[in-house]
Structure formats: C-alpha cells, structure tokens
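First up is the structure itself, then whatever we jot down about it.
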Amino acid sequence: MSVVKVRTGKAYEVHIERGSLSRLGTQLKAIKPEGKVALITDSQVETYYLKPSVDSLRDAGYDVVTYVFPQGEAQKNSDELLKIVNFLADESLTRSDMVVALGGGVVGDMAGFAAATYLRGIDYVQVPTSLLAMVDSSVGGKTAVNLPSGKNLWGAFKQPILVLCDPDTLQTLPEDEFINGCGEVIKYGMLGYPELLDQLEASPLVDHPEDVESVIEQCVKIKAQVVANDETEKGQRQFLNFGHTFGHGIEKGSHFTVHHGYSVAIGMAMMMRAAGKAGVLSQEEVSRFLHILEAHHLPTTTDVPLSTILDIAKHDKKSHGHTINLVLPAGWGYTELRTTTHDKLAAYAVL
Ligand SMILES: NC(=O)c1ccc[n+]([C@@H]2O[C@H](COP(=O)([O-])OP(=O)(O)OC[C@H]3O[C@@H](n4cnc5c(N)ncnc54)[C@H](O)[C@@H]3O)[C@@H](O)[C@H]2O)c1
Ligand SMILES: [Zn+2]
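Counting in the working numbering, the sequence shown runs from 17 upward without gaps.
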C-alpha cells in the first residue's frame, strides 16, 4: 500500500492500494473506530461498489446507513444537497458519526459539503472511484455544489479524515471518464515534474493500465504538497489551474458538451502553442506535449471560437478588474504565475 500524507491543519492520509475497497472497514477502524456511517454514493457507482463497501464496514462493526442519488453533474445542486442533509438528520447522525463519500467528484463534492455543514461539521471519508476523483477532487478539501448561475459557487473547505483509493475500481469506469481524468494527470507534469511528462510520453496511461497505481500516487503527492502549502487557495494552489482559464472558456462556450478534462487539455495545448511562439518552449517541446495529449485520446483544439474563450476567461473568478492571474508554461514540466491585463490575454492563447 502507498500512503501519502496531506499535511494540512488537520493532517490525513491517502491510502492507495488495489483491492483496498474490501478493506474499507478495517482501514477506517484504525482512524475512527467508533461511530455510525452514512455512506453516500450515486446510482451508477452503487451498482458496482455499494455492497462490498457496506459489507466491509459492517464486518468491522460499524452501523451503516446508505443514501443513493442519481448519477451525473446535473445532480450536484442545492436541492440534492438538502436531501442529503435531511437524510443525515433523519438518521440522527451526531457529531461523533461520519459520512463516507463513495464515487467520483460529484459524490465527493456533495457529500463533503454536507459533512462540512451538518451540525457545523462532522468527519468524512473520501473513497474516490473515478480517475479524476483519485488524482484531484478527493484530496485538498474543496467541497461545493453548483448554482444556476455557475459551477461550484456554494461550498466550503473541509478536509477528509481519510482518503481510500482502490485503483481496481477504475476497471468499470467508462473510457471517456478515464480519459477525462488523464487531462488532469498530464497537467501535474507541468507543475515541476518533467519526469512525469516523460513517463506519460513513453508509456501513455491509456495503454498501460499497470502504471495507474504509481501514476495516481505521483499525482496525489503533487496535489498534497501544493495543498499543504496553501490550504485555502491564496497562492501556490493557483498552479493547479494550469490549462483551466481557457479550459473553462471551452467548457462553458461548448455548453458543457466538451467535458472538463478534455477542455483543460485544449486549454493547456493553447498555452503551450503560445509559449512556443513566444520562444519560452522549443517547437519540439510543444509538439511533444501535444503528442502526449493525443496519445491519451485528448483533443488539442476546438470549434469554440477564440473570441468566446477569451471573453469567458475575462469573466473568470481568477479575473480582477482588467487584470487576470495566469499559470503560464515556463519550460518543459514547469509553469509560472503571471498577472496580465485583459487586452494582452490573446497573446497567451493559440488555437
Ligand atoms: N473538490 C475539488 O477539488 C474538485 C476538483 C476537480 C473536480 N471537482 C468536481 O468533480 C466533479 C467531476 O468529477 P468526476 O469526473 O469524477 O465526475 P462524476 O462524479 O460525475 O463521475 C463521472 C461518472 O463516472 C461514474 N463513475 C464513477 N466511478 C465509477 C466507477 N468506478 N465505475 C463506473 N462508473 C463510475 C459516475 O457515476 C459518473 O456517471 C465536478 O463536479 C467537478 O466540479 C472537484
Ligand atoms: Zn480541473
């Protein structure tokens, strides 16, 4: 088993091991031996993993209640959140009890937010089952739901007490969801880890499922380090937004038909091409990076017009007045933060 420590205010561990879902109960026992468990999942993850999770928790002696909501991003809303919180209250969960979020980022964000606010906060455990949730959303303590006017607008910071990651669960993940997660995996390579880029270039994750456990571990280590240095997103955590400024423009501009990881891939490609044009990267480095994306079946361009992407970026929450903070390529495997004005934004984007 690989164990990654996340050194936030209240430190916690991420356990990464194949087959570990069946040991959820015993692993949790070592961290929080007493308490009732409210296990929350979505309708798709339920079919594969609810029973083994509940069995494992009950075998370890926990009293378990379960709540399942329909799968999909559309469910990540305030109505569904309220249903979850009411469920916790109906089941009389107390402050010494806990929530277990079993699923992708949607389950993690929503169950986490419910745990952050129910009784002013109770413990919760993340059991991520999508690649994106394993490498990104389950670590770092950001929780939220969407509002009609935008994504993740209502949320809280709340670190879990344990993250248990079983890479074997990825066997049932739909292929496009796996590729979606690869967008974020490749992003981590640009945050000071050229060796990760080199590895993904030599052995694309989509063709080498045997590498997935070690790649998840590398990504979680990177995210854990960034988060520990900046728990509430005031500085270093901004680096995690590489590719996201234009990525959000593509997601929104395509009316969310281009999914998050795919949009981030295009957002990164746009910045890498611009960095090549500006001489920050060599043309060879730019094409190597584009090849890594393509080898993971990710797109590098879009039909969404550049003007739309730039317009949306200017209204991004990273935008303040007429300036915007950008995470720019600085070399092979490296990025830097820069504040620029809206009128110069186009110089950093080549479609
Ligand atoms: N909190 C954070 O820091 C953070 C970071 C990144 C993204 N997010 C959020 O995460 C969400 C996206 O997460 P996601 O991509 O995991 O989406 P998701 O939770 O909707 O999961 C994608 C799909 O895969 C299914 N699924 C998950 N695991 C499966 C498995 N093992 N087998 C079969 N099907 C499985 C789900 O039912 C769903 O249909 C977004 O709402 C985003 O805002 C949060
Ligand atoms: Zn992202």
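Don't be surprised by glycine CBs; every beta carbon is placed ideally from N, CA and C. Model, not experiment: these values are computed from the prediction.
Whole-number beta carbon distance between residue j and residue i, since they are thought to touch under 8 angstroms
i	j	result
residue 96	residue 85	5 angstroms
residue 316	residue 285	4 angstroms
residue 105	residue 115	That pair is no contact at about 13 angstroms.
residue 195	residue 313	5 angstroms
residue 10	residue 255	There is simply no residue 10 to check, as the chain begins at 17 and stops at 367 in what is shown.
residue 131	residue 174	6 angstroms
residue 54	residue 98	Contact flag wrong, Cβ pair sits at about 15 angstroms.
residue 309	residue 347	Their Cβ separation, rounded to whole angstroms, is 18 angstroms, which puts residue 309 and residue 347 out of contact at 8 angstroms.
residue 361	residue 354	No, residue 361 and residue 354 are not in contact; Cβ-Cβ is about 11 angstroms, not under 8 angstroms.
residue 41	residue 78	6 angstroms
Counted within 10 angstroms of its Cβ, other Cβ atoms place residue i as buried (16 or more) or exposed
i	result
residue 125	buried
residue 281	buried
residue 299	exposed
residue 357	exposed
residue 289	buried
residue 336	exposed
residue 268	buried
residue 321	exposed
residue 294	exposed
residue 236	buried
residue 191	exposed
residue 26	exposed
residue 49	exposed
residue 352	exposed
residue 369	Limits of the chain in this structure are 17 at one end and 367 at the other, which puts residue 369 out of reach.
residue 17	exposed
residue 363	exposed
Residue i - containing beta strand (DSSP E), residue span
i	result
residue 354	350-357
residue 22	18-22
residue 114	114-119
residue 347	339-347
residue 324	Residue 324 -> not in any beta strand (DSSP E); alpha helix (DSSP H) instead, spanning 322-330.
residue 158	158-163
residue 152	Where residue 152 is concerned, there is no enclosing beta strand (DSSP E), given that its DSSP letter is neither H nor E.
residue 141	139-144
Identity of the residue in the options nearest residue i by Cα
i	options	result
residue 111	174, 137 and 201	137
residue 198	227, 172 and 182	227
residue 91	169, 349, 266 and 58	58
residue 234	43, 200 and 245	200
residue 47	33, 141 and 121	141
residue 11	26, 327 and 182	The structure shown has nothing for residue 11, since the chain only spans 17 to 367.
residue 35	215, 143, 239 and 311	143
residue 220	303, 307, 243 and 155	307
residue 164	177, 231, 113 and 89	89
residue 332	348, 266, 278 and 252	266
residue 61	83, 101, 43 and 77	83
residue 302	276, 237 and 217	217
residue 134	113, 150 and 151	113
residue 184	225, 193, 204 and 191	225
residue 350	38, 212 and 160	212
residue 123	159, 151 and 107	159
residue 246	319, 51 and 23	23
residue 93	39, 279, 169 and 186	169
residue 277	187, 186 and 151	151
residue 366	270, 329 and 283	283
Bounding residues of the alpha helix (DSSP H) (the contiguous stretch that carries residue i)
i	result
residue 278	276-293
residue 309	299-311
residue 317	Residue 317 -> no alpha helix (DSSP H), and no H or E assigned at all.
residue 262	260-269
Any non-hydrogen atom of ligand 4 closer than 7 angstroms to residue i Cβ
i	result
residue 275	You won't find ligand 4 in this model; what it holds is ligand 1 and ligand 2.
Original post:
Residue ranges of each beta strand (DSSP E) run of no fewer than 3 residues wholly in the stretch 168-254, ordered along the chain?
Top reply: Restricted to the stretch 168-254, the beta strand (DSSP E) segments that are unbroken, complete and at least 3 residues in length are 178-181, listed in chain order.
**OP:** Note down, one range per segment and in chain order, each alpha helix (DSSP H) of at least 4 residues found wholly within the stretch 26-109.
**Re:** The stretch 26-109 contains, as complete alpha helix (DSSP H) runs of 4+ residues, the segments 40-45, 59-75 and 94-106 (chain order).
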